[in-house]
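Undergrad: Handing you this structure, nothing more for now.
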């Protein structure tokens, strides 16, 4: 809970709030912070979000700047601080640090009694918490959340809040000092962004795809009688194993000849062996049959997930995705076969559910078919509707795979979905296991390896300078 006093000389008369914020950004970047997002990018509470991977890992650092004289009784400041406290207390497993930059603090000694580790006074902090609760500009919903979280959580929040009193002139002086000391600099995020040589180490690399070897059923086709694409798909779901090609409708289930008899000529039914189509596709490059079979196989996997395995289907950002709904809102988690597939976050302003989902695709390589399984994350609101657009951007950033997932967790998710959808004895689609190969070079992209390499390089540079 540090508080810093960096007031400079006379204030620059032409400085503005935006100038002040820009200089705070410049100073933090010189100190090795990476600017991740600004409030102009997407609507959000903090002005700026930084990270400092070399010392703080993946912890978000929220930064707020105030080009004003601010007191501890300022109603706007109290409302904003309450909002940050609610966010902080609601995200105990995903903490953030709060950096506050003020041009001038009124009654600086009292700020010290709240935010300084050395001068902290419990009674003063408790009194400030009561002022926060009694702020008339605070809406009732927020007031109740602050009261519910309580003073003990507030103290932890204060401990992760860094208050900086620094004038515009003070920022300029600190920036100038940083620039003069950059020669032979051996710290900061630049060491973690440079290309580092690969490590020679053999390892098995498991892909997210498997070869489709066989479909044990048949392919059925009918001639279409004056029907349009919209006519057909108004009667069948997008994930059902039906494909329109020219004047023909193809399916993996003969029932569609009956279900769609007003659009197809049932007497034109033909039956084909999928193995013949696979062989023809392998021999004759450019065959339509392989392309049709590719789409049918993908839809078979999707339909099997929905009809036989309890999945939900959604078409999102041009991708076909399977996920599980969160049906019971009295529980925080939804589990399937021992795996957590959905989690409810109710302790927020707008409750939402995070879904571990899987994108399904089938592609053609060397005239062979391969099924791809790519883990994705979806979010739904309290009504079960998919959250999209700008509303979901911050959620995706908060739950970024780079922040929470590792290769092992992603591989585990992928294997679980592959085995779950590849239910031997129930599925007619036969695939290989997930394909893999042995590599001899390992990129040093994991944080531990890069930390070791960067630290080693700093030591070498330090002793080189000393010599």
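Residue numbers (my numbering): 183 to 649. Think of the CB as a built atom: it goes at the ideal place given N, C-alpha and C, for glycine as much as any other residue.
Please confirm if the stretch 346 to 358 is in contact with the stretch 197 to 210, defined as three or more CB-CB distances below 8 Å between the two stretches.
TA: Yes, the stretch 346 to 358 is in contact with the stretch 197 to 210.
Undergrad: Are residue 620 and residue 386 close, meaning C-beta to C-beta below 8 Å?
TA: Within the chain shown, residue 620 is the residue found at index 438, counting from 1. Within the chain shown, residue 386 is the residue found at index 204, counting from 1. Cβ atoms of residue 620 and residue 386: closer than 8 Å.
Undergrad: Mark residue 584 as exposed unless 16 or more other C-beta atoms lie within 10 angstroms of its C-beta, in which case mark it buried.
TA: Indexing the chain shown from 1 puts residue 584 at position 402. At residue 584 the pLDDT is 49, less than 50, meaning the model places this residue with poor confidence; the figure from the coordinates comes in the next sentence. Residue 584 is exposed by the Cβ-count criterion.
Undergrad: Run through the DSSP bridge pairs and tell me what residue 405 is partnered with.
TA: Looking up residue 405 in the chain shown gives position 223. In DSSP, residue 405 forms a bridge with 430, 447.
Undergrad: Grab me the residues of residue 505's own chain with a C-beta within less than 6 Å of its C-beta, minus the 5 sequence neighbours each way, in chain order.
TA: Position 323 of the chain shown, counted from the start, is the residue given in the question as residue 505. These residues qualify, in order along the chain: 494, 537, 539, 560.
Undergrad: To the nearest angstrom, report how far apart residue 554 and residue 390 are at their CA atoms.
TA: Counted from its first residue, the chain shown places residue 554 at position 372. Counted from its first residue, the chain shown places residue 390 at position 208. Each residue's Cα considered, the two are about 6 Å apart.
Undergrad: Between the alpha carbons of residue 362 and residue 324, how many angstroms are there, rounded?
TA: The residue given as residue 362 occupies position 180 in the chain shown. The residue given as residue 324 occupies position 142 in the chain shown. C-alpha separation (whole angstroms): 46 Å.
Undergrad: Could you check whether residue 577 and residue 394 sit closer than 8 Å to each other, using their CB atoms as the reference points?
TA: For the purposes of this step, residue 394 is taken as the residue at position 212 of the chain shown. For the purposes of this step, residue 577 is taken as the residue at position 395 of the chain shown. No; because the gap between Cβ atoms is not below 8 Å, this pair is not in contact.
Undergrad: Which residues mark the beginning and the end of the beta strand (DSSP E) in which residue 502 is found?
TA: One-based indexing of the chain shown puts residue 502 at position 320. Looking at the DSSP string, the run of the beta strand (DSSP E) that includes residue 502 is 501 to 505.
Undergrad: Can you tell me which of the three DSSP states residue 217 falls into?
TA: Here residue 217 refers to the residue found at position 35 of the chain shown. If DSSP states are grouped into helix, strand and coil, residue 217 belongs with the strands.
Undergrad: If you reduce the DSSP assignment to three classes, tell me which class residue 283 lands in.
TA: Your numbering for residue 283 matches position 101 in the chain shown. Three-state result, residue 283: strand.
Undergrad: Consult DSSP for residue 241 and reduce its assignment to one of helix, strand or coil.
TA: The residue you call residue 241 lines up with position 59 of the chain shown. Three-state DSSP puts residue 241 in coil, outside helix and strand.
Undergrad: Starting from residue 418, follow the alpha helix (DSSP H) in both directions and report where the run begins and ends.
TA: The residue you call residue 418 lines up with position 236 of the chain shown. Residue 418 -> no alpha helix (DSSP H), and no H or E assigned at all.
Undergrad: If you reduce the DSSP assignment to three classes, tell me which class residue 573 lands in.
TA: Working through the chain shown from its first residue, we reach residue 573 at position 391. Three-state result, residue 573: helix.
Undergrad: Does residue 316 come out as helix, strand or coil in the three-state DSSP assignment?
TA: Within the chain shown, numbered from 1, the residue matching residue 316 stands at position 134. Three-state DSSP puts residue 316 in a helix.
Undergrad: What first and last residue would you give for the beta strand (DSSP E) that runs through residue 440?
TA: Taking the chain shown and counting its residues from 1, one reaches residue 440 at position 258. Careful: residue 440 lies outside any beta strand (DSSP E), inside the alpha helix (DSSP H) at 437 to 441.
Undergrad: So residue 421 packs on residue 481, CB below 8 Å; how close in whole Å?
TA: Reading the chain shown from its first residue, position 239 is the one you call residue 421. Reading the chain shown from its first residue, position 299 is the one you call residue 481. Sure, about 6 Å apart at Cβ, within 8 Å.
Undergrad: Applying the 10 Å Cβ sphere with the 16-neighbour rule, what's the burial state of residue 528?
TA: Here residue 528 corresponds to residue number 346 of the chain shown, with the count starting at 1. It is exposed - the Cβ of residue 528 has fewer than 16 other Cβ atoms within 10 Å.
Undergrad: What residue range does the beta strand (DSSP E) around residue 347 cover?
TA: What you label residue 347 is simply residue 165 of the chain shown in a count that begins at 1. Its beta strand (DSSP E) spans residues 343 to 348.
Undergrad: Can you name the residues that DSSP bridges to residue 540?
TA: For this step, residue 540 is matched to residue 358 along the chain shown. Partner(s): 504, 557.
Undergrad: By DSSP, does residue 615 sit in helix, in strand, or in coil?
TA: By one-based count along the chain shown, residue 615 stands at place 433. Coil.
Undergrad: DSSP three-state label for residue 306, please.
TA: Reading the chain shown from its first residue, position 124 is the one you call residue 306. In the structure shown, residue 306 sits in a helix (DSSP, three-state: H, G or I).
Undergrad: What does a CB cutoff of less than 7 Å around residue 660 pick up in its chain, not counting 5 residues either side in sequence?
TA: There is no way to answer for residue 660, as the model of the chain reaches only from 183 to 649.
Undergrad: Looking at residue 534: is its Cβ nearer than 8 Å to the Cβ of residue 563?
TA: Taking the chain shown and counting its residues from 1, one reaches residue 534 at position 352. Taking the chain shown and counting its residues from 1, one reaches residue 563 at position 381. It is a contact, given that the beta carbons lie within the stated cut-off.
Undergrad: Got a sec, what are the start and stop residues for the alpha helix (DSSP H) residue 265 sits in?
TA: Start at 1 with the first residue of the chain shown, and residue 265 comes out as number 83. That run of the alpha helix (DSSP H) goes 257 to 272.
Undergrad: With the cut-off set at 8 Å, would you say residue 460 and residue 475 are in Cβ contact?
TA: The residue you call residue 460 lines up with position 278 of the chain shown. The residue you call residue 475 lines up with position 293 of the chain shown. It is a contact, given that the beta carbons lie within the stated cut-off.
Undergrad: Out of 409, 285, 240, 281, which has the shortest C-alpha to C-alpha gap to residue 253?
TA: Position 71 of the chain shown holds residue 253. For the residues 409, 285, 240, 281, the minimum Cα distance to residue 253 belongs to 285.
Undergrad: With three or more C-beta pairs closer than 8 Å as the rule, is the stretch 233 to 253 touching the stretch 286 to 305?
TA: The stretch 286 to 305 vs the stretch 233 to 253: in contact.
Undergrad: Is residue 269 buried or exposed, if buried means 16 or more other CB atoms sit within 10 Å of its CB?
TA: Against the chain shown, residue 269 aligns to sequence position 87. Buried is the call here.
Undergrad: Name the residue from 419, 342, 484, 354 whose alpha carbon lies nearest to the alpha carbon of residue 441.
TA: Along the chain shown, one-based indexing puts residue 441 at 259. The candidate whose alpha carbon is nearest that of residue 441 is 419.
Undergrad: Tell me which residues share the same chain as residue 131 and place their Cβ nearer than 7 Å to its Cβ, disregarding the 5 neighbours each side in the sequence.
TA: Any question about residue 131 goes unanswered here, given that the chain covers just 183 to 649.
Undergrad: Which residues does DSSP pair with residue 252 in a beta bridge?
TA: As a position in the chain shown, residue 252 is number 70, starting the count at 1. DSSP output for residue 252 lists 287 as bridge partner(s).
Undergrad: Could you tell me the distance, in whole angstroms, from the CA atom of residue 202 to the CA atom of residue 356?
TA: Here residue 202 refers to the residue found at position 20 of the chain shown. Here residue 356 refers to the residue found at position 174 of the chain shown. When rounded, the distance between both Cα atoms is 13 Å.
Undergrad: In whole angstroms, give me the CA-to-CA distance for residue 309 and residue 292.
TA: Indexing the chain shown from 1 puts residue 309 at position 127. Indexing the chain shown from 1 puts residue 292 at position 110. Approximately 11 Å, taken between the alpha carbons.
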